[in-house]
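Enquirer: So for the sequence shown, our numbering puts the first residue at 1033; every next one is plus one. First the structure, then my questions, so here it is.
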Amino acid sequence: MVTAAPGEELSLALALVNTQRVGDVDDLDDPLPWLHAHGLRVTSVADVTPLTDLRTAVRELLAALAEDRAPAAAAVDAVNAAARTDAAAPQLTWAAGPRREWRSTRPGSVDEAVATLARDAIDVAGGDLGRLVRPCEAHGCVRFYLREHARRRWCSTTCGDRVRAARHQQLVVERRTV
């Protein structure tokens, strides 16, 4: 299991983007464990395409935020469309006093999960977290994280260790050739 990148606990959309890593590693090859681990109680997934399409669109949004540029219009349209795939309505519950809860019209469906993930992406892009989105600077890493400390440059200690080890190896090689 891969260590969560900083900020994944704050954003399902960030966690979704980070399900695809270098090479053929893709946590959405078997999406139910990932969905359940992130509180999305989907009962079954017949087609993973809506999730992977949303992931691609959200990746473009996060890259645009990190690069301080406008995202591709198609990515914005895809996220907005995904947010509409399941209607949610406020419901009043009264178990321990009045409480407003948002409830899906299709609980347990992939549409509910996709809409929840898309709405989170909208919240990140349009909110305070958007300014913290950064790509990992480790060579070959494709993950994003929320940079809450000015000195952070990597999504995990593993990536940081790889960069430091490569830098050390480069110094050793340079010293041998001198």
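Using N, Cα and C, we set each Cβ at its ideal position, and we do this for glycine too.
1) Considering only the alpha carbon of each residue, which of Leu1097, Arg1116 and Ala1096 lies closest to proline 1082?
2) What is the DSSP secondary structure of valine 1205, reduced to helix, strand or coil?
3) Measure the alpha-carbon distance for leucine 1094 versus arginine 1151 and round it to whole angstroms.
4) Run the CB neighbour count on glutamine 1052, radius 10 Å, all protein chains shown included, and call it buried at 16 or more, exposed below.
5) What residues in its chain sit with their C-beta under 6 Å from that of threonine 1137, if we drop five residues either side in the sequence?
6) Could you tell me which residues DSSP puts in a beta bridge with threonine 1125?
7) Nearest CA to the CA of glutamate 1040: which residue from Arg1179, Leu1203, Cys1191 and Thr1190?
8) To which residues does DSSP link leucine 1178 through a beta bridge?
9) Measuring CB to CB, does valine 1074 end up less than 7 Å from leucine 1060?
10) Starting from valine 1034, follow the alpha helix (DSSP H) in both directions and report where the run begins and ends.
11) Spell out the partners DSSP gives aspartate 1056 in its beta bridges.
Expert: Once the coordinates are examined:
1) Arg1116
2) helix
3) 14 Å
4) buried
5) Ala1119
6) Arg1131
7) Closest by alpha carbon: Arg1179.
8) Val1165
9) no
10) Unbroken run through valine 1034: none, as it is neither H nor E.
11) Answer is none; aspartate 1056 lacks a bridge partner.
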